[in-house]
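The letter at position 321 of the sequence shown is residue 335 when you use the numbering used here, and the numbering goes up by one with no holes.
Idealized CB from N, CA, C, for every residue including glycine.
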Amino acid sequence: MPKTLPMATRRARHAADFAATLRRHGLGPLVRETVRTLQINVGKLCNQACHHCHVDAGPKRTEIMPEHVVARLLELLRAAPPELEVVDITGGAPEMVPGFRPLVQAAHASGRRVIDRCNLTILLEPGHEDLAAFLAAHRVHVIASLPCYSPANVDRQRGKGVFGKSIEALRRLQALGYGREGSGLRLDLVYNPLGPTLPPPQAQLEADYKRRLWDDFGIRFDSLLTITNMPIARFADMLVRQGAYERYMSLLVNHFNPQVVHGVMCRSLVSVDWQGRLFDCDFNQMLELPLAAGHPGRRRTIWELDALEELAGLPIATADHCFGCTAGAGSSCGGALA
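What follows is the structure in structure tokens.
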């Protein structure tokens, strides 16, 4: 078993550097504005185990959101102000968790945009045969992982046969109207690099994806989102095994872009884990990095929170991985920032 850096060491090594970098550019500290996105990670159970996964998700994980956490989230959604625009549900494969559908139904009924972070292959799994139709019926915005339009590259990162299954799943979604102009059913794809590099320009890569997927498979989609691999969890372990961790961190630090800091997702998002704990973003959640020290003692879980508005104006915890969101064209759950 290759030796890996302790997680606390990875978090702390560049933490002061990121805060200092923000100060040098007159940008820090980061503070949350109005909460417009509630991102809910319903668990780590997944039908895949991808090399780049920052959640360390997989088929053997047992962490799934229990009913009482789902019930409390439904209460918060009912009381949420109109400024909350998006409910972003992720995992693992979030669709495998029993609470996924009640959350989708409640968020859709409240008039909010619902996002499903989908790995595509879950649509073909036994017991999920009606999933595509469920997503379409509730007007769910599907953001689907497809790290390349090449079968070999996708299978190398995500497992043998995943590309073919992903294409079949995309065809099922397309048959329901996803990716079709005027349907109102939005389908975006996600690209992340296969190795320790920054993503290429998003617009150029999107044009390549659209041409290749249409020419080769008759697949249409709305937008491509390029996302930088975060130096945490499974991807960080791979970097350490390859002796590339410090080199990758240097790449991120040296490509810090002050122009994208205003758009980082943590400024308008709050993240909830499968146990109901609150975090500043999904990456902080995976690192067990709690809300910043400036937060009052309350508001650490959804039971200590009376309303999402309480989180506005509070500081955001940062560490070395934050350079991943601010490198090059920037990276967020919505793709490049510049």
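Within 10 angstroms of its Cβ, does residue i collect 16 or more other Cβ (buried), or is it exposed?
| i | result |
| --- | --- |
| residue 264 | exposed |
| residue 113 | buried |
| residue 69 | buried |
| residue 55 | buried |
| residue 140 | exposed |
| residue 83 | buried |
| residue 34 | exposed |
| residue 349 | buried |
| residue 220 | buried |
| residue 352 | exposed |
| residue 30 | With a pLDDT of only 48 at residue 30, under 50, the local geometry of the prediction cannot be trusted, and no value is derived from it. |
| residue 37 | exposed |
| residue 74 | exposed |
| residue 167 | exposed |
| residue 391 | This structure cannot settle anything about residue 391, because the visible part of the chain is limited to 15 through 352. |
| residue 302 | exposed |
| residue 242 | buried |
| residue 16 | Reliability fails at residue 16, whose pLDDT of 34 lies under 50, so the model's placement of it is uncertain and the value that follows must be treated cautiously. It counts as exposed. |
| residue 108 | buried |
| residue 26 | Low confidence applies here, because residue 26 scores a pLDDT of 42, under 50, leaving its location unreliable; read the following figure in that light. Classification of residue 26: exposed, given that the 10 Å Cβ count is below 16. |
| residue 335 | buried |
| residue 217 | exposed |
| residue 172 | buried |
| residue 123 | exposed |
| residue 85 | exposed |
| residue 46 | buried |
| residue 256 | exposed |
Closest to residue i by CA distance: which of the options is it?
| i | options | result |
| --- | --- | --- |
| residue 151 | 187, 240, 158, 110 | 187 |
| residue 202 | 254, 238, 329, 344 | 238 |
| residue 92 | 147, 110, 322 | 322 |
| residue 185 | 124, 146, 340, 216 | 146 |
| residue 90 | 232, 336, 290 | 290 |
| residue 106 | 126, 143, 62 | 62 |
| residue 98 | 126, 72, 122, 108 | 126 |
| residue 315 | 144, 81, 260, 87 | 87 |
| residue 240 | 282, 339, 229, 255 | 339 |
| residue 266 | 196, 337, 215 | 337 |
| residue 233 | 190, 96, 174 | 190 |
| residue 275 | 257, 249, 344 | 344 |
| residue 287 | 95, 39, 32, 103 | 103 |
| residue 282 | 272, 273, 271, 296 | 296 |
| residue 50 | 271, 294, 175 | 294 |
| residue 194 | 121, 119, 228 | 228 |
| residue 230 | 196, 178, 128, 46 | 178 |
| residue 248 | 218, 158, 216, 300 | 300 |
| residue 71 | 60, 129, 256 | 60 |
| residue 144 | 255, 124, 115, 162 | 115 |
Is residue j closer than 8 Å to residue i when the C-beta atoms are compared?
| i | j | result |
| --- | --- | --- |
| residue 101 | residue 52 | yes |
| residue 7 | residue 198 | Past the boundaries of the shown model lies residue 7; the chain is included only from 15 to 352, so the question cannot be answered. |
| residue 346 | residue 277 | yes |
| residue 48 | residue 306 | no |
| residue 280 | residue 41 | no |
| residue 331 | residue 298 | yes |
| residue 111 | residue 78 | yes |
| residue 212 | residue 142 | no |
| residue 182 | residue 117 | no |
| residue 333 | residue 32 | yes |
| residue 215 | residue 39 | no |
Name the one or two DSSP bridge partners that residue i has.
| i | result |
| --- | --- |
| residue 53 | 102, 285 |
| residue 202 | 157, 237 |
| residue 72 | 59 |
| residue 346 | 349 |
| residue 315 | 291 |
| residue 270 | 341 |
| residue 130 | 103, 156 |
| residue 329 | 45 |
What is the C-beta distance between residue i and residue j, in whole angstroms, given that I count them as a contact (C-beta under 8 Å)?
| i | j | result |
| --- | --- | --- |
| residue 319 | residue 292 | 7 Å |
| residue 134 | residue 180 | 4 Å |
| residue 160 | residue 210 | Wrong, their Cβ atoms sit about 20 Å apart, outside the cutoff. |
| residue 156 | residue 192 | 6 Å |
| residue 262 | residue 245 | 6 Å |
| residue 200 | residue 169 | With 8 Å as the limit, residue 200 and residue 169 do not qualify as a contact, their Cβ atoms being about 27 Å apart. |
| residue 158 | residue 132 | 5 Å |
Is residue i close to chain B, meaning its C-beta is less than 8 Å from at least one C-beta of that chain?
| i | result |
| --- | --- |
| residue 164 | Absence of chain B from the displayed structure is noted, only one protein chain being present. |
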